[in-house]
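Numbering (my numbering), first residue to last: 12 to 255. Notes for the one structure printed next.
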Ligand code: CDP
């Protein structure tokens, strides 16, 4: 699942992962965690050499908690600290460093060891899993996205004006779409969903139904392949599979 900032990827991906009984992976949280760590260490994020040196120093590991993958840095999980505005402001700079992406993409691919995944980010359909047949690109109007993000910030007791939030989203989208490495773009074969007027549940349902139709078209062999890739930790009962 790919799309611009505040396009609803996280909430929709979480709802879809529950419906499928799959694990949910927020790759944006990983780029945010690296940014948070760099800021904690007093590293200037524009100093690429120091950022790369930090990548060599830190130990990255993962755990699954309540069906969600968590990235730990040196054994600790930064949690909501990665959502702070100071991290948001710098994350696109860190995400444009090829060495950072190389390390994180490798980890992201390795997460299939935990079973099937719903993964969201900017380059999932283009770079991380280009051969998956299940690619979705979410978008919504700038006004709706700014409203959603303002609501998220309010829930974290962070005050921001609607206009300020809108500008910050636009700045980040421009950086994410314009960078040389793995820019945000619609993956070949992705289904684009404009969700300005859809609820989270409606959007997840649209995707679930789409996967089901796709599986019917792809035929029984592929259906079996998808079923057998389910993790033992997440038996079919946890969610209704789109082939059911
Ligand atoms: O939640 P929000 O839409 O604000 O963004 P996010 O998914 O938390 O991602 C934060 C930032 O990480 C993005 O603005 C990108 O710069 C970067 N990112 C990326 O480059 N590649 C990904 N697969 C995911 C995020």
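Ideal placement from N, C-alpha and C gives every residue a C-beta, glycine not left out.
N-terminal and C-terminal residue of the alpha helix (DSSP H) that residue 30 is part of: As a first step, residue 30 is located in the chain shown; it is residue number 19 there, counting from the start. Its alpha helix (DSSP H) spans residues 20-31.
Candidates 139, 202 and 69: closest to residue 38 by CA position: Position 27 of the chain shown, counted from the first residue, corresponds to residue 38. Answer by Cα proximity: 139.
Bridge partners - residue 148, DSSP secondary structure assignment: Locating residue 148 in the chain shown gives position 137, counting from the first residue. DSSP lists 13 and 203 as partners of residue 148.
Length of the line joining the Cα atoms of residue 128 and residue 35: Indexing the chain shown from 1 puts residue 128 at position 117. Indexing the chain shown from 1 puts residue 35 at position 24. Going from the Cα of residue 128 to the Cα of residue 35 covers about 6 Å.
Run of the beta strand (DSSP E) containing residue 84, from where it starts to where it stops: Residue numbering aside, residue 84 sits at position 73 when the chain shown is read from its first letter. Taken as a continuous stretch (DSSP letters only), the beta strand (DSSP E) holding residue 84 covers 79-84.
Nearest-angstrom beta carbon gap, residue 130 and residue 41 [assumed within contact, 8 Å]: Position 30 of the chain shown, counted from the start, is the residue given in the question as residue 41. Position 119 of the chain shown, counted from the start, is the residue given in the question as residue 130. So it is not a contact: roughly 11 Å between Cβ atoms.
Nearest neighbour of residue 98, chosen from 147, 108, 33 and 51 [CA to CA]: For the purposes of this step, residue 98 is identified with residue 87 of the chain shown, where counting begins at 1. Ranking the options by Cα distance to residue 98, first place goes to 51.
Own chain, CB closer than 8 Å to residue 122, minus 5 neighbours either side, in chain order: For this step, residue 122 is matched to residue 111 along the chain shown. Here the set comprises 34, 36, 73, 80, 128 and 130.
Given residue 211 as reference, the closest of 195, 159 and 228 once Cα atoms are compared: Here residue 211 refers to the residue found at position 200 of the chain shown. Nearest of 195, 159 and 228 to residue 211, Cα basis: 159.
Spatial neighbours of residue 22 in its chain, beta-carbon cut-off 8 Å, leaving aside the 5 residues before and after: Residue numbering aside, residue 22 sits at position 11 when the chain shown is read from its first letter. Hits under 8 Å: 211.
Exposure of residue 64, with buried meaning 16 or more beta-carbon neighbours within 10 Å: Taking the first residue of the chain shown as position 1, residue 64 is located at position 53. Exposed: under 16 other Cβ atoms inside 10 Å.
Reference residue 62; option with closest CA among 106, 26 and 96: In the chain shown, the residue the question calls residue 62 occupies position 51. When only C-alpha atoms are compared, the closest one is 106.
C-beta contact flag for residue 151 and residue 207 at 9 Å: Taking the chain shown and counting its residues from 1, one reaches residue 151 at position 140. Taking the chain shown and counting its residues from 1, one reaches residue 207 at position 196. Contact: yes.
Cβ-based burial, residue 30 [other Cβ within 10 Å; buried from 16]: By one-based count along the chain shown, residue 30 stands at place 19. Answer is buried; the Cβ neighbour count reaches 16.
beta-carbon residue 146 near ligand 1 non-hydrogen atom, thresh 8 Å: Here residue 146 is taken as the residue at index 135 of the chain shown, counted from 1. Flag unset: Cβ of residue 146 not near ligand 1.
Check whether residue 89 and residue 48 have beta carbons under 9 Å apart: Residue numbering aside, residue 89 sits at position 78 when the chain shown is read from its first letter. Residue numbering aside, residue 48 sits at position 37 when the chain shown is read from its first letter. In contact: residue 89 and residue 48 (Cβ atoms closer than 9 Å).
Cut-off 6 Å between Cβ atoms - residues of its own chain near residue 119, not counting five sequence neighbours on either side: The residue given as residue 119 occupies position 108 in the chain shown. Hits under 6 Å: 38 and 139.
Distance CB(residue 156)-CB(residue 24) smaller than 9 Å: Numbered from its first residue, the chain shown carries residue 156 at position 145. Numbered from its first residue, the chain shown carries residue 24 at position 13. Their beta carbons are not under 9 Å apart, which means residue 156 does not touch residue 24 by this criterion.
Start-to-end residues for the beta strand (DSSP E) that takes in residue 65: Residue numbering aside, residue 65 sits at position 54 when the chain shown is read from its first letter. Taken as a continuous stretch (DSSP letters only), residue 65 belongs to no beta strand (DSSP E), being part of the alpha helix (DSSP H) at 59-68.
Coil, strand or helix - residue 165 by DSSP: Against the chain shown, residue 165 aligns to sequence position 154. Note: residue 165 maps to helix in three-state DSSP.
Beta-carbon separation (whole angstroms), residue 147 vs residue 202, contact threshold 8 Å: Translated into the one-based positions of the chain shown, residue 147 becomes position 136. Translated into the one-based positions of the chain shown, residue 202 becomes position 191. With a Cβ gap of about 5 Å, residue 147 and residue 202 count as contacting.
Beta-carbon separation (whole angstroms), residue 215 vs residue 26, contact threshold 8 Å: One-based indexing of the chain shown puts residue 215 at position 204. One-based indexing of the chain shown puts residue 26 at position 15. Right, the Cβ-Cβ distance comes to about 4 Å (below 8 Å), so this counts as a contact.
Buried or exposed by the 16-neighbour rule on C-beta atoms within 10 Å, applied to residue 199: Against the chain shown, residue 199 aligns to sequence position 188. Looking at its Cβ environment, which holds fewer than 16 other Cβ atoms inside 10 Å, residue 199 is exposed.
Residue 59 versus 109, 95 and 71, residue with shortest Cα-Cα distance: One-based indexing of the chain shown puts residue 59 at position 48. It is 109 whose Cα lies nearest to the Cα of residue 59.
Residues of its chain near residue 82, where Cβ-Cβ distance is below 8 Å and the 5 sequence neighbours each way are ignored: To locate residue 82, count along the chain shown from 1; it is residue 71. 40, 41, 44, 71, 72, 73, 88 and 118, listed in sequence order.
Any non-hydrogen atom of ligand 1 closer than 8 Å to residue 109 Cβ: Here the question's residue 109 lines up with position 98 in the chain shown. No, ligand 1 has no heavy atom inside 8 Å of this Cβ.
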